[in-house]
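For the sequence shown, my numbering begins at 10 and goes up steadily by one. Structure first, commentary second.
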Amino acid sequence: MASEKNIAVLMGGISPEREISLQSGRAVANALAKTDNHVIKIIVNDDMVNELDNYKIDVAFIALHGHFGEDGGIQEVLESKDIPYTGSGVSASRLTMNKAKSKEIFKENNMPTPDFFTVPTVQSMSEIVKGVKNLKLPVVTKPISNGSSLGISIIRAYDELQDAIKHAGPHCTEVLIEKYIEGRELTVSILDDKALPIIEIKTAAGFYDYNAKYKSKNTRYIILESAEESSECTLSHAVYKSVQDLAILAHKSLGCRTFSRADMILGNDGEIYILEVNTIPGFTERSLLPKAAAAANISFTGLCNIIVDAAFERAFSAELLIREDNQDRKTAKIST
């Protein structure tokens, strides 16, 4: 689709991830401005919805993270206004935003995922300890519906639980507690429903929290290669394919569209565990989807164009089907 489009880049939002979203949105807008498109930057807030009517928008590029970005909220608004948008639809967005529901889908589709349970943040500590004893330490606590690794803790002793629940609390009303798996932290980005090169994340802190993701200079991102045997910079051919296949299966099982990013652990036991899927991963200079795309020789501008074109083509195909359906009805009416 080479013709000029009016592309609205939606950024900001009302979630704790607003600042990251602004970085993503500006990067996307700058990239799309290098093409034959008219880019409209829209800072999303509580009063933004009616502002959409002031623009002629061919495609909305959603660069929002967290609530009203990845939870189906903005997608529902855009659909009500017949504005095509990038990425996953309402249902898939709602499903992936809820880590517990996502993990239930993983289990239903026989995808290995760490055992877990959920608790309200107001749950008594004795009940939480009881649940953790069933899983056995160490465990991970995380908000059930937040991104950017906000509010995550690794618990290795029971007396750390209370602070961990408080740490997650400001970001949610419910906490997911899952078995901590020792192993290699991997992430696989999906683009056009195909897996991009696998990236391994190595952090000084031992796990990929908010600081490691956005602030630390010691976080390392290793583009892994497929090889005869696994090493520090490789995975064996069989494991590499299994990791990518698992990411594609998760993407499809959750109903995601065009792109997503799956986070996994290659356990020391040799098992590949899927943790979660992100439908709107970051588009900052430190973000993993752009890094994976670059490893596949796709520039950042090229990446953004692929995502926009997919949304535009999907909308065009839907419109064509409606026209054909209307024509069939007219033909049937005339023939009768």
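Yeah, the Cβ is synthetic: ideal placement off N, Cα and C, and Gly gets one too. If you're wondering where the values come from, they're calculated on a predicted model, not measured in any experiment.
Asked: If I follow the unbroken alpha helix (DSSP H) through LYS300, where does it start and stop?; Found: 297-304
Asked: Which same chain residues end up closer than 6 Å to SER97 when comparing Cβ atoms and leaving out the 5 residues on each side of it in sequence?; Found: CYS265, ARG266 and THR288
Asked: If you draw a straight line from the alpha carbon of VAL131 to that of ALA177, how long is it in whole angstroms?; Found: 12 Å
Asked: With DSSP as the reference, please indicate the residues paired to GLU183 in a beta bridge.; Found: PRO129
Asked: If you reduce the DSSP assignment to three classes, tell me which class ARG165 lands in.; Found: coil
Asked: Classify ASP55 as helix, strand or coil using the three-state DSSP reduction.; Found: coil
Asked: For GLU280, which residues of its own chain have a beta-carbon under 6 Å away from its beta-carbon, when the five flanking residues on both sides are left out?; Found: PRO121
Asked: Suppose the cutoff is 7 Å on Cβ atoms and the five residues either side in sequence are ignored; what does the same chain contact list for SER111 look like?; Found: LEU104, THR105, LEU263, GLU285 and VAL286
Asked: Can you give me the C-alpha to C-alpha distance between ILE231 and ASP168, rounded to a whole angstrom?; Found: 35 Å
Asked: Considering only residues of the same chain and omitting the five flanking positions on each side of SER133, which have a CB-CB separation below 8 Å?; Found: none
Asked: Alpha carbon to alpha carbon, how far is ALA204 from SER135?; Found: 43 Å
Asked: Would you report the Cα separation of LEU200 and ASN59, rounded to the nearest angstrom?; Found: 31 Å
Asked: Run through DSSP, which three-state label would LEU233 get?; Found: coil
Asked: Looking only at its chain, what residues have a beta carbon closer than 8 Å to the beta carbon of GLU79, apart from the 5 residues adjacent to it on each side?; Found: LEU73, SER102, THR105, MET106, GLY156, ASN287, THR288 and ILE289
Asked: Can you list, in chain order, the residues of its chain with a C-beta nearer than 6 Å to that of LYS108? Leave out the 5 residues immediately preceding and following it.; Found: ILE153, LEU185 and GLU285
Asked: According to DSSP, which residues form a beta bridge with SER245?; Found: ALA236
Asked: Would you grab the beta carbon distance between ILE51 and ALA17 for me? Rounded to a whole angstrom, and I think it's under 8 Å.; Found: 5 Å
Asked: Across which residues does DSSP place ASN287 in a beta bridge pair?; Found: ARG270
Asked: If the criterion is Cβ atoms closer than 7 Å, does the pair ASP67 and ASN15 meet it?; Found: yes
Asked: So, helix, strand or coil for GLY279, using DSSP?; Found: coil
Asked: For VAL248, collect the residues of the same chain with a Cβ closer than 8 Å to its Cβ; drop the 5 residues on either side in sequence, then sort them by chain order.; Found: SER239, LEU275 and ILE281
Asked: Please work out which residues of its chain come closer than 6 Å, Cβ to Cβ, to GLU294, disregarding the five sequence neighbours upstream and downstream, and give them in chain order.; Found: none
Asked: When the distance is taken between beta carbons, is ILE137 closer than 7 Å to ASP159?; Found: Just to set this straight, residue 159 is Leu in the shown sequence, not Asp. Not closer than 7 Å, so no.
Asked: Where do the N-terminal and C-terminal ends of the alpha helix (DSSP H) with LEU31 fall, by residue?; Found: 27-41
Asked: Between the alpha carbons of VAL86 and ALA320, how many angstroms are there, rounded?; Found: 16 Å
Asked: Could you tell me which residues DSSP pairs with MET20 in its beta bridges?; Found: ILE52
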